[in-house]
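As structure tokens, the structure follows; a few thoughts come after it.
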Amino acid sequence: MDKSMVWCGLDFDAEGKDSDFLRIPHSVDTSAYGWIGVPVVRIKNGEGPTALLCAGNHGDEYEGQVALNRLARAIDAADVTGRVIILPPLNAPAVRAGRRVSPLDEGNLNRAFPGRAAGTPTEMLAHYISTELFARADLVIDLHSGGRSLNYVHCGLGHYGKAPETDAAIRKLLEVFSAPWSILTQGGGGGGATTLYAAAAERGIPAITCELGGGATLDPEGTRHAEEGTRRVLAAYGIWQGADVPPRAETRFARTLPRDLSIYARHAGLFEPHAAPGDAVSKGQSAGLLYHIDQVLTPPTELRFAAEGIVSCRRALTLAGLGDCLFNLAETI
Ligand SMILES: [Zn+2]
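What follows is the structure in structure tokens.
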């Protein structure tokens, strides 16, 4: 791939803890030679594996951002063997705007991989992660939540169906992270290979993501899962010896059901849900009602689940439009 146009004021190979910015060139009316800053922390001590920890890939998902903000300060370089690279507000322009996507280019970073060297700011950031950060990473954790539009069951998420070694390493990461649920996916419902963790797994790097709440708020339980899961992974890989490591919790494995079993709004309206994330539902069970806004005398559309399963996520917003995802399902394995 082409050489990245993004540069960093930080030497990733230097010892100790330091922080600077990824600098994405951005030439605009008021700043001809300026850059967009993406805060990054490097903590290194001698030889060993490198963990790449990200949150804020979507700007309105907060549990992971707060967990990594805490960890960046909690990790003492003297207790590290190897290296930790932390980016709590990864798509920093989106984080600063409180939005899922970047206000600079409407770029959804988690649909932009592998990125482009001379693309939009979001594409340039994806390209830098693909070329410079993945090249240094032995494992990747990308912490997500449902954002403004979704509420998610607390889960770790991993791709399956790659090389058997990568599959096994991803499964091990999910077991160690041990969110209440561990969901395996082939990426058919979301971004496929254009997501950060799928792009990392594509390169053979053990990578997981997670979904820890949603609704563009901060769920303390989700923040706890993000921090404790990350502590367990760093300890299990021998990277952070000083970690206060909470015991591994029980995690239930599941896999996503195909998207034709998801429920989408077939018209605009007001969504009244009858099931919550984590609920076990049966085929034909009422999922909710979708009320017509303008045709008051027309009865609301009845929504029913098309299969038995676990509700993995539910739309957080009441106002829905044609094509909006209202429910996704998973099945236990
Ligand atoms: Zn996300």
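Numbering (the working numbering), first residue to last: 3 to 335. The C-beta atom is built at its ideal place from N, Cα and C for all residues, glycine as well. For clarity, every value in this text was computed on a predicted model and none was experimentally measured.
What alpha helix (DSSP H) runs, 4 residues minimum, are completely inside the region 189 to 266? 198 to 204 and 222 to 238
Can you tell me where the beta strand (DSSP E) with residue 313 in it begins and where it stops? As a working note, residue 313 is residue 311 in the sequence shown. Where residue 313 is concerned, the enclosing beta strand (DSSP E) stretches over 311 to 317.
Nearest to residue 319 (by Cα), restricted to the options 300, 111 and 149: Along the sequence shown, one-based indexing puts residue 319 at 317. Nearest of 300, 111 and 149 to residue 319, Cα basis: 149.
Closer than 8 Å is the cut-off here; do at least three beta carbon pairs connect the region 119 to 130 with the region 76 to 90? no
How many Å lie between residue 178 and residue 235 at the Cα? Counting from one through the sequence shown, the residue named residue 178 turns up at place 176. Counting from one through the sequence shown, the residue named residue 235 turns up at place 233. Approximately 6 Å, taken between the alpha carbons.
In this structure, what does DSSP give as the bridge partners for residue 275? Locating residue 275 in the sequence shown gives position 273, counting from the first residue. DSSP output for residue 275 lists 290 as bridge partner(s).
Taking 7 Å as the limit, tell me which residues put their C-beta closer than that to any heavy atom of ligand 1, in chain order. 59, 60, 63, 112, 146, 147 and 149
Spatial neighbours of residue 20 within its chain, please: C-beta separation below 7 Å, excluding the five flanking residues on both sides. Taking the sequence shown and counting its residues from 1, the one referred to as residue 20 is at position 18. Within the same chain, residue 20 has close Cβ partners 12 and 44.
Of the residues 166, 157, 67 and 248, the one placed nearest residue 219, counting alpha carbons only: If you number the sequence shown from 1, residue 219 lands on position 217. For the residues 166, 157, 67 and 248, the minimum Cα distance to residue 219 belongs to 67.
Verify whether the separation of the beta carbon atoms of residue 153 and residue 315 is less than 8 Å. What you label residue 153 is simply residue 151 of the sequence shown in a count that begins at 1. What you label residue 315 is simply residue 313 of the sequence shown in a count that begins at 1. It is a contact, given that the beta carbons lie within the stated cut-off.
Please list the terminal residues of the continuous alpha helix (DSSP H) segment that includes residue 129. Against the sequence shown, residue 129 aligns to sequence position 127. Note, residue 129: alpha helix (DSSP H), 123 to 130.
Top-ranked residue by Cα proximity to residue 78, from 241, 330, 269 and 249: Reading the sequence shown from its first residue, position 76 is the one you call residue 78. Out of 241, 330, 269 and 249, 241 has the C-alpha closest to the C-alpha of residue 78.
DSSP beta-bridge partners for residue 304? Taking the sequence shown and counting its residues from 1, one reaches residue 304 at position 302. Paired residue(s): 291.
Option nearest residue 280 by Cα separation, candidates 329, 249 and 73: Here residue 280 corresponds to residue number 278 of the sequence shown, with the count starting at 1. Of the listed residues, the one whose Cα sits closest to residue 280 is 329.
Which residue marks the beginning of the alpha helix (DSSP H) containing residue 174, and which one marks its end? Working through the sequence shown from its first residue, we reach residue 174 at position 172. Its alpha helix (DSSP H) spans residues 166 to 179.
For a minimum of 3 consecutive residues, which ranges assigned as the beta strand (DSSP E) are wholly contained in the region 34 to 86? 37 to 47 and 52 to 57
Comparing C-alpha positions only, which one of 48, 143, 51 and 137 sits nearest to residue 92? Numbered from 1 along the sequence shown, position 90 holds the residue referred to as residue 92. Cα-wise, what sits closest to residue 92 is 143.
Touch check for the region 26 to 39 and the region 54 to 61: three-plus C-beta pairs under 8 Å? no
Segment contact flag, the region 102 to 118 with the region 255 to 267, C-beta cutoff 8 Å, min 3 pairs: no
Should residue 184 and residue 157 be called a contact, given that it needs their Cβ atoms to be closer than 8 Å? Translated into positions along the sequence shown, residue 184 becomes position 182. Translated into positions along the sequence shown, residue 157 becomes position 155. Their beta carbons are under 8 Å apart, which means residue 184 touches residue 157 by this criterion.
Measure the Cβ-Cβ separation of residue 229 and residue 69 and say whether it is below 8 Å. Here residue 229 refers to the residue found at position 227 of the sequence shown. Here residue 69 refers to the residue found at position 67 of the sequence shown. Result yes, Cβ atoms of residue 229 and residue 69 sit closer than 8 Å.
What does the alpha-carbon distance come out to for the pair residue 100 and residue 90? Taking the sequence shown and counting its residues from 1, the one referred to as residue 100 is at position 98. Taking the sequence shown and counting its residues from 1, the one referred to as residue 90 is at position 88. So the two alpha carbons sit approximately 14 Å from each other.
Nonlocal neighbours in the same chain, by C-beta distance under 6 Å from residue 293, ignoring five residues either side: The residue given as residue 293 occupies position 291 in the sequence shown. For residue 293, where only same-chain residues beyond five positions count, the Cβ hits under 6 Å are 271, 272 and 302.
Name, in chain order, the residues that DSSP records as bridge partners for residue 187. Working through the sequence shown from its first residue, we reach residue 187 at position 185. In the DSSP output, where bridge partners are listed per residue, residue 187 has 161.
Limits of the unbroken alpha helix (DSSP H) element including residue 95: Within the sequence shown, the letter at position 93 stands for residue 95. It spans 94 to 99 - the alpha helix (DSSP H) in which residue 95 sits, taken as one unbroken run.
Of all the CB atoms in chain B, is at least one closer than 8 Å to the CB of residue 4? The structure shown contains no chain B, having only a single protein chain.
Quickly, what does DSSP pair residue 117 with across the bridge? List them, please. In the sequence shown, counting from the first residue as 1, residue 117 sits at position 115. Per the DSSP secondary-structure output, residue 117 pairs with nothing in a beta bridge.
CA-CA distance, residue 269 and residue 284? Position 267 of the sequence shown holds residue 269. Position 282 of the sequence shown holds residue 284. So the alpha carbons of these two residues sit roughly 24 Å apart.
Use the C-beta contact count for residue 278: other C-beta atoms within 10 angstroms, 16 or more gives buried, fewer gives exposed. Taking the sequence shown and counting its residues from 1, the one referred to as residue 278 is at position 276. By the neighbour-count rule (16 or more Cβ atoms within 10 Å), residue 278 is not buried but exposed.
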